[in-house]
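Going by my numbering, the sequence shown opens with residue 1, and the numbers climb by one from there.
Beta carbons: idealized from backbone N, C-alpha and C, even for Gly.
Just so it is clear, the structure is predicted and the values come from calculations on it, not from any experiment.
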Amino acid sequence: MNSTERVHAALRLEQPDRVPVVEFVIDDKVARGAVPGCRDVADCMDRLDMDGVGCGARFEKVSENLDGSYVDEWGVTYMANTEVVAHPIRGPISTLADAKAYTTPTPDAPHRLGPLPDLVSRYKGKRAICFHHRAAFMWSAYLMGIDSILMNFLAEPDTVEVTMDKVLECNMAIVRRAIHTGAEVIILGDDYASNLGPMMSPAIFAHFILPRLKKMIDMIHDEGAFCVKHTDGNIYSILDMIVSAGPDALNPIEPLAGMELKKVKQLVGEQVCLMGNIDCGQLLPHGTAGEVRQAVRQAIADAGSGGGYIVSSSNSFHSSCQPGNLVAMVEAVKRFGRYPLGSFGAA
1 MNSTERVHAA LRLEQPDRVP VVEFVIDDKV ARGAVPGCRD VADCMDRLDM
51 DGVGCGARFE KVSENLDGSY VDEWGVTYMA NTEVVAHPIR GPISTLADAK
101 AYTTPTPDAP HRLGPLPDLV SRYKGKRAIC FHHRAAFMWS AYLMGIDSIL
151 MNFLAEPDTV EVTMDKVLEC NMAIVRRAIH TGAEVIILGD DYASNLGPMM
201 SPAIFAHFIL PRLKKMIDMI HDEGAFCVKH TDGNIYSILD MIVSAGPDAL
251 NPIEPLAGME LKKVKQLVGE QVCLMGNIDC GQLLPHGTAG EVRQAVRQAI
301 ADAGSGGGYI VSSSNSFHSS CQPGNLVAMV EAVKRFGRYP LGSFGAA
């Protein structure tokens, strides 16, 4: 069984030859520390014999400011930093009139899919080809401001609805194009929660977010791809609704947010593949390789039985993570994750 087959089997809740290991985001410095001389992050993943490679959509800067901030094609202002994902500080939508007049980025721009065509040509059939994107919520939050959108769910619902519908239409077109280009696994990265719980009530989630999430996931499946739903935070109160939207996998099962992998496996493991749970808040930046190996071994024991689990970090290998711990995580999967799990994986 090769990497593509292994990932696909896990996403179908089947038992592969071993537990797959996939990482969506690895900081360039971490990748080059883990695999000196690697060509790029995808080459790092390949040379470590990870089971997937991936990238996200590209939205270019349209202007830069003297304070170090910049505006991208969405019209959102970000403060630049050293991480893969910049911090949004201001958006262009404040009123219903703004929302109605707003124009999203062009889905078919030549640069929109980033390095995806190159990854497909390099790795199709060898590694699972992943594409990271979003559905409707988080870019709407960037466009309106996170505090504003949360208040406007109640105060100005029409503004939120118009904004989210435009964002969803744009993002569905981008994702459809990615699938047609060769992406097999779509990771939807809208975050809904903090460590304390969801940012909105279950009722608000059910009205504004769930229907649009389901529409995106249905399209992904209709186009022949898998969907991994990513959301940080403690999501127990909306877990059943997220699963009801039909994703093939749930990520990242964040331990520092109180998400217990074994418990989530018991709750929804027969409905959805689980992916993640290797702590990137404390363990991967500050832990030893031995501690990482033990965490991987425990995660496989908690969620790997019968298939339906993919090892990954609890968010990303950001710049504070130790390169050696990426190597340790992958090596531990190879050691403890082969089926039948037996004395190693079941310990």
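Note down the Cα distance separating residue i from residue j, rounded to an integer number of angstroms.
i: His207; j: Ile179; result: 28 Å
i: Tyr209; j: Val53; result: Note that residue 209 is Ile in the sequence shown here, rather than Tyr. For Ile209 and Val53, the distance between alpha carbons rounds to 28 Å.
i: Met50; j: Leu154; result: 44 Å
i: Ala183; j: Ser94; result: 35 Å
i: Gly33; j: Asp46; result: 15 Å
i: Val185; j: Lys215; result: 16 Å
i: Ile129; j: Phe24; result: 11 Å
i: Glu14; j: Ser69; result: 46 Å
i: Phe133; j: Cys170; result: Reading off the sequence, residue 133 comes out as His, not Phe. Computed Cα separation, rounded: 11 Å.
i: Met275; j: Ile149; result: 29 Å
i: His8; j: Pro247; result: 13 Å
i: Ile310; j: Ala101; result: 42 Å
i: Ala109; j: Ile204; result: 34 Å
i: Phe131; j: Ile174; result: 10 Å
i: His230; j: Ala97; result: 31 Å
i: Ile89; j: Pro340; result: 49 Å
i: Met79; j: Pro105; result: 20 Å
i: Val30; j: Pro157; result: 42 Å
i: Cys44; j: Gly37; result: 9 Å
i: Leu188; j: Gly342; result: 34 Å
i: Ala136; j: Asp147; result: 16 Å
Note down, in chain order, each residue of its chain lying with its Cβ closer than 6 Å to the Cβ of residue i, except the 5 sequence neighbours on either side.
i: Ala346; result: Note on Ala346: pLDDT 43, under 50, position unreliable in the model; no value is reported.
i: Ile235; result: Ala193
i: Lys262; result: Asp302
i: His111; result: Arg58
i: Cys227; result: Ile186, Ile217, Ile220, Pro247 and Asp248
Looking only at its own chain, which residues have a Cβ that is under 8 Å from the Cβ of residue i, when we skip the five neighbours before and after it?
i: Cys280; result: Ser313, Ser314, Asn315, Ser316, Phe317, His318 and Cys321
i: Leu283; result: Glu291, Val292, Ala295 and Asn325
i: Leu116; result: Cys55, Ile129, Phe131, Ala178, Thr181, Gly182 and Ala183
i: Glu331; result: Arg293
i: His87; result: Tyr78, Met79 and Asn81
Locate the alpha helix (DSSP H) running through residue i, then write down its first and last residues.
i: His286; result: Leu283 to His286
i: Ser121; result: Leu116 to Tyr123
i: Thr77; result: Per DSSP, Thr77 belongs to no alpha helix (DSSP H); it is in the beta strand (DSSP E), Thr77 to Met79.
i: Tyr70; result: Careful: Tyr70 lies outside any alpha helix (DSSP H), inside the beta strand (DSSP E) at Ser69 to Asp72.
i: Ser148; result: Ile146 to Ala155
Span of the beta strand (DSSP E) holding residue i?
i: Phe131; result: Ala128 to His133
i: Cys55; result: Gly52 to Gly56
i: Met90; result: Just to set this straight, residue 90 is Arg in the shown sequence, not Met. Counting along the chain, the beta strand (DSSP E) containing Arg90 begins and ends at His87 to Arg90.
i: Glu64; result: Lys61 to Glu64
Spatial neighbours of residue i within its chain, please: C-beta separation below 7 Å, excluding the five flanking residues on both sides.
i: Asp28; result: Val41
i: Ala299; result: Leu261, Asn277, Ile278 and Val311
i: Ala289; result: Gly324, Asn325 and Ala328
i: Gly307; result: Ala9, Ala10, Leu13, Glu14, Gln15 and Pro16
So does the region 148-161 actually touch the region 214-222, counting three or more Cβ pairs closer than 8 Å? no
Inter-stretch contact at 8 Å, needing at least 3 Cβ pairs: the region 256-263 / the region 11-30: no
Counting Cβ pairs closer than 8 Å, one from the region 61-73 and one from the region 115-123, do we hit at least three? no
At 4 residues or longer, and completely inside the region 229-316: list those alpha helix (DSSP H) runs for me, N to C. When DSSP assignments are scanned along the region 229-316, the uninterrupted stretches of alpha helix (DSSP H) that are 4 or more residues long and fall wholly within it turn out to be 239-244, 261-268, 283-286 and 289-303.
Unbroken alpha helix (DSSP H) runs of length 4 or more, entirely within the region 159-235: which are they? Runs of alpha helix (DSSP H) with 4 or more residues, each lying fully within the region 159-235, are found at 210-222, listed in chain order.
Taking 8 Å as the threshold, find out whether the region 136-144 comes into contact with the region 70-79 through three or more Cβ pairs. yes
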